[in-house]
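In what follows, a structure is listed as structure tokens, so that the remarks can point back to it.
Residue numbers (this note's numbering): 614 to 724.
See below:
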């Protein structure tokens with residue numbers, strides 16, 4: 614393996630390790646009808662559902678859709694959105710369970 618290739622693999626390994634530590638901040642609110650609204654703060658994904666578990670599932674689905682849409686035209690989309698790129702990569706490289714484990718909620722006590 615050439616030195617340049619070793620450096621490329623090293624960089625990718627570091628990037629993946631860094632992405633593993635990345636999490637999503639979700640703010641939850643109970644609505645007047647008893648449903649729960651959750652918002653991913655890092656890129657404003659917003660979902661509403663009857664329970665916290667259903668709200669999380671809808672958020673994960675919405676996050677996947679967001680990542681897939683923006684990865685299709687990444688070079689155009691990323692201009693001016695460099696702060697969102699790590700989140701896009703995290704979603705694309707993670708399973709639903711891994712994403713769920715990275716949802717750190719605020720205001721979710723008692724839901």
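C-beta: ideal position from N, C-alpha, C; glycine also.
Since we're looking at a predicted model, the values are computed, not measured.
- Here the alpha carbon of residue 683 sits roughly 29 Å from the alpha carbon of residue 663.
- Measuring C-alpha to C-alpha distances from residue 642 to each of 633, 631, 665 identifies 665 as the nearest.
- Note that the C-beta distance between residue 649 and residue 712 is not below 7 Å.
- Across the set 646, 640, 645, the C-alpha of 640 shows the shortest separation from the C-alpha of residue 659.
- For residue 706 and residue 630, the gap between their C-alpha atoms comes out near 12 Å.
- Cβ-Cβ separation between residue 702 and residue 637: approximately 13 Å, too far for a contact (criterion under 8 Å).
- For residue 698, same chain residues with a beta-carbon under 8 Å away, outside a window of 5 residues either side, are 691 in chain order.
- If you draw a straight line from the Cα of residue 693 to the Cα of residue 687, it comes to about 12 Å.
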